[in-house]
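Chemist: My questions will all concern the structure given below.
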Amino acid sequence: MIEKEYEMIVKIYEEYSSSYNMLHQQVEDVENETIIWSNSYLEIHPYQYELDQLPKPKIYKKEPKSKEGIIVNKLKNNELYFSYNAENKGWGSSFIINEAEKKICLRFLSNRAGEMVLSQVHCIIYEGSVIEKILFYTRDDDTNEETFMVDRYSYNDNSTVHTIIRDGFFGEKTKILSTRTFRFEYVNGDVRIYSKQLKKNLKVVEDLLYTSRKAKKNKQ
Numbered sequence: 001m002i003e004k005e006y007e008m009i010v011k012i013y014e015e016y017s018s019s020y021n022m023l024h025q026q027v028e029d030v031e032n033e034t035i036i037w038s039n040s041y042l043e044i045h046p047y048q049y050e051l052d053q054l055p056k057p058k059i060y061k062k063e064p065k066s067k068e069g070i071i072v073n074k075l076k077n078n079e080l081y082f083s084y085n086a087e088n089k090g091w092g093s094s095f096i097i098n099e100a101e102k103k104i105c106l107r108f109l110s111n112r113a114g115e116m117v118l119s120q121v122h123c124i125i126y127e128g129s130v131i132e133k134i135l136f137y138t139r140d141d142d143t144n145e146e147t148f149m150v151d152r153y154s155y156n157d158n159s160t161v162h163t164i165i166r167d168g169f170f171g172e173k174t175k176i177l178s179t180r181t182f183r184f185e186y187v188n189g190d191v192r193i194y195s196k197q198l199k200k201n202l203k204v205v206e207d208l209l210y211t212s213r214k215a216k217k218n219k220q
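If you use this note's numbering, the sequence shown corresponds to residues 1 to 220, in order.
See below:
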């Protein structure tokens, strides 16, 4: 069922796997960019951090004195195009490529030989103005491991997200992940995200994954 999406993301990976120097030269030539400093990479699609149960990035008003744990994000016309670890680009450099009907995010890391290799690929596929699906892929040639996930979106009549269904595998193709369903609920302008997945005890459980700040206040 996910073979088509897997083949697509692997094709993107192979196309860009040796492109670090070219991409880096392109971003070095950009002028009049805006710089934002943060403590993690900026999200490239809505609710990215909430779905993965990670804290949202902290944004700094000015350049921090210490580079430790800092990500430098470069934008042109309010569009993110390059992010990197302020201490060492080899610890993480991401390039964002906008194409017709899709956005690609490529993250490079330095390998044991000191070469910049492609480690992670996000591909956001749009249908009109909304996200149709998101493909995620990581590969580690040192350990021969790869992970792949696809999120498929469905919408309410007013174009708000109704559900996201996630499938994939972790580490290797035989380690199939249980299908996970994210359900969105909207109450008085607030957002709640529920997660439903088959647990190890073979029971399907739906948990509240995220509540927007306003919803949290209303709950108190």
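Backbone N, C-alpha and C fix where the C-beta goes; we use that ideal spot for every residue, glycine too.
#1: Suppose only complete runs of 3+ residues qualify. What are the beta strand (DSSP E) ranges in the stretch 9-38, listed by chain order?
#2: If you follow the beta strand (DSSP E) that L106 is in, where does it begin and where does it stop?
#3: Would you mind giving the Cβ-Cβ distance between F108 and Y20, rounded to the nearest angstrom? I have them listed as a contact below 8 Å.
#4: Just checking, does the stretch 23-35 make contact with the stretch 158-176 on the three C-beta pairs under 8 Å criterion?
#5: Do Y81 and S93 come within 8 Å of each other at the CB atom, strictly closer than that value?
#6: Assign L208 to buried or exposed, taking buried as 16 or more other Cβ atoms, counted over all protein chains shown, within 10 Å of its Cβ.
#7: May I ask you to report which of helix, strand or coil DSSP gives L42?
#8: Please state if the CB of Y153 and the CB of E50 are separated by a distance shorter than 8 Å.
#9: Please determine if the stretch 9-24 and the stretch 112-122 are in contact, where contact requires at least 3 C-beta pairs separated by less than 8 Å.
#10: Measure the alpha-carbon distance for T143 versus N111 and round it to whole angstroms.
#11: Sorted by chain position, which residues of the same chain lie with C-beta nearer than 6 Å to N158's C-beta, five sequence neighbours on each side aside?
#12: If we count the other Cβ atoms within 10 Å of its Cβ and call it buried at 16 or more, is D52 buried or exposed?
#13: Return the bridge partner residues of N85 from the DSSP annotation.
#14: Across which residues does DSSP place F148 in a beta bridge pair?
#15: Look at Y41 and I9 and say whether their C-beta atoms are less than 8 Å apart.
#16: On the CB-based measure, 16 or more other CB atoms within 10 Å of its CB, does E185 come out buried or exposed?
#17: May I have the straight-line CA-CA distance separating F148 from E206, to the nearest angstrom?
#18: Starting from I96, follow its DSSP beta bridges and name the residues at the other end.
Modeler: For this structure:
#1: 34-38
#2: 102-110
#3: 5 Å
#4: no
#5: no
#6: exposed
#7: coil
#8: no
#9: yes
#10: 12 Å
#11: none
#12: exposed
#13: I71
#14: Y137, F169
#15: no
#16: exposed
#17: 23 Å
#18: C105
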